[in-house]
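Undergrad:
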Amino acid sequence: MASGFEKLHFVRYSSVCGGAGLLLLLGLAMANKTMDTREGEDVILKCRFNEHYSDREYSYYWAQQSPNKYDNVAIKGDTFNPNYKIDYRPNQGIYDLQIFNVSYARDNGRFECRIKQIGSDNAIYEDYYNLTVLTPPQPPLIFPGSETTATEDKKQELTCSSVGGSPDPTISWYREGSTTPLAANLIYGGSRDMQTTSTLTIIPRREDDGAKFTCVVWNRAMPESQRLETVTTLSVRCGHGSSVLQRWN
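For the sequence shown, full-length UniProt numbering assigns the number 1 to the initial residue and increments by one for each residue that follows.
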């Protein structure tokens with residue numbers, strides 16, 4: 001799935017009558033696209049433009065940005081990795097990056113195609129891809145565990161976590177008997193090596209004793225019909241000012 005937008009530059013000018021106007025400068029187009037792939041696949045990131053820029057007047061390059069790096073991966077027709085290849089035909093408006101044998105460690109991140117006039121820092125054309133190398137998340141874990149002992153009218157946190165996953169998984173909480181997700185605090189891991197967590201905060205009542213809460217995990221690497229789930233059962237105790245907690249019967 002891809003979504004994009006075009007950005008046009010305007011500058012103000014003054015007419016001979018003293019009025020202000022706008023001059024449209026064509027040529028700079030920007031798009032922000034999302035592309036999903038999997039380990040071992042081949043992909044093509046297309047960088048296409050209507051204007052046919054002269055190779056001698058403009059510089060072309062692809063760069064990759066990730067949380068830990070920003071590197072050029074191609075300049076004009078030359079690439080810096082044997083798994084990358086450039087389709088370099090500027091006179092036809094084509095400057096595509098081909099990636100072979102995709103890997104998460106190398107390729108997951110943002111790719112940028114830029115065309116600049118030689119001697120200038122201003123890009124005359126830019127295109128962006130957010131490349132996601134899909135990886136399913138690991139089965140979720142609940143803390144405190146499959147059985148949660150809580151005290152009546154005292155705040156209790158239930159934390160569900162899932163390690164890995166690309167993109168970061170969504171984590172939803174449900175109470176048994178309801179299809180409405182419960183409000184919870186979701187913190188994304190940010191990478192395949194980190195855990196995403198969702199914390200559900202409840203104030204248990206006597207009638208909540210025995211209630212079951214389900215944590216549901218999913219990301220785009222999984223089939224739409226598949227979910228990873230785990231359940232915790234609530235055991236509510238009361239104190240009524242006593243130092244010895246008694247479980248409701």
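Think of the CB as a built atom: it goes at the ideal place given N, C-alpha and C, for glycine as much as any other residue.
Can you have a look at E57 and say buried or exposed, based on whether 16 or more other CB atoms are within 10 angstroms of its CB?
TA: Its Cβ having fewer than 16 others within 10 Å, E57 is exposed.
Undergrad: Only counting the same chain, and skipping five residues up and downstream in sequence, which positions put a Cβ closer than 6 Å to that of A221?
TA: Excluding positions up to five away in sequence, the list reads L134, T135, P136.
Undergrad: Return yes when the Cβ of R192 is within less than 9 Å of the Cβ of Y104, no when it is not.
TA: The answer is yes: Cβ separation under 9 Å.
Undergrad: Quick one: any contact between the region 74-93 and the region 145-163, if contact means 3 or more CB pairs under 8 Å?
TA: Counting Cβ pairs under 8 Å, fewer than three are found: no touch.
Undergrad: Could you give the residue range of the alpha helix (DSSP H) that holds A105?
TA: Residues 104-107.
Undergrad: Taking the alpha carbon of residue 272 as the reference point, which residue from D127, V216, S225, F49 has its own alpha carbon closest?
TA: Because the chain spans 1 through 249 in this model, residue 272 falls outside it and cannot be assessed.
Undergrad: State whether the region 176-187 contacts the region 115-125, with contact taken as three or more CB pairs (one from each stretch) at a distance under 8 Å.
TA: Cβ pair count under 8 Å is below three, so no.
Undergrad: Here's the rule I'm using: 16 or more other beta-carbon atoms within 10 Å means buried, otherwise exposed. How should F213 be labelled?
TA: Flag for F213 reads buried.
Undergrad: Since Y84 contacts I99 with CB under 8 Å, what's their CB separation in whole angstroms?
TA: Yes, Y84 and I99 are in contact; Cβ-Cβ is about 6 Å, under 8 Å.
Undergrad: By a C-beta neighbour count over all protein chains shown, 10 Å radius and 16 as the cutoff for buried, is E112 buried or exposed?
TA: With 16 or more Cβ atoms within 10 Å of its Cβ, E112 is classed as buried.
Undergrad: To which residues does DSSP link T180 through a beta bridge?
TA: None, per the DSSP bridge assignment.
Undergrad: With a 10 Å radius around its C-beta and 16 neighbouring C-beta atoms as the bar for buried, classify N50 as buried or exposed.
TA: Result: exposed.
Undergrad: Could you check if Q226 is buried or exposed, using at least 16 other CB atoms within 10 Å of its CB as the buried criterion?
TA: Classification for Q226: exposed.
Undergrad: Where E157 and D209 are concerned, what is the direct C-alpha to C-alpha distance, given to the nearest angstrom?
TA: Cα to Cα, E157 sits roughly 15 Å from D209.
Undergrad: If contacts are defined as beta-carbon pairs under 8 Å, then T132 and P167 qualify, I think. What distance do you get, rounded to the angstrom?
TA: Indeed, because the Cβ distance is near 5 Å, the residues count as touching under 8 Å.
Undergrad: Pull up the distance between the alpha-carbon of K154 and that of R175, whole angstroms please.
TA: Cα to Cα, the separation comes out at about 18 Å.
Undergrad: When you compare only the Cα positions, how much space is there between I202 and D107?
TA: Approximately 41 Å, taken between the alpha carbons.
Undergrad: Compare the Cα-Cα distances from F80 to each of A63, N68, P67 and report the closest residue.
TA: It is A63 whose Cα lies nearest to the Cα of F80.
Undergrad: Give the straight-line distance between the Cα atoms of S162 and I187, rounded to the nearest whole angstrom.
TA: Between S162 and I187, the C-alpha separation is close to 11 Å.
Undergrad: Can you round the beta-carbon distance between P139 and L228 to whole angstroms, since I take them to be within the 8 Å contact cut?
TA: Right, the Cβ-Cβ distance comes to about 5 Å (below 8 Å), so this counts as a contact.
Undergrad: Mapping DSSP to helix, strand and coil, what is Q195?
TA: Strand.
Undergrad: Considering only their Cβ atoms, is the gap separating K69 from N130 smaller than 9 Å?
TA: It is not a contact, given that the beta carbons lie outside the stated cut-off.
Undergrad: Using only CA atoms, which one of K76, V43, R110, T37 lies nearest to C53?
TA: Here residue 53 is Tyr; the residue named in the question, Cys, does not match the sequence. When each option's Cα is compared against that of Y53, the closest is K76.
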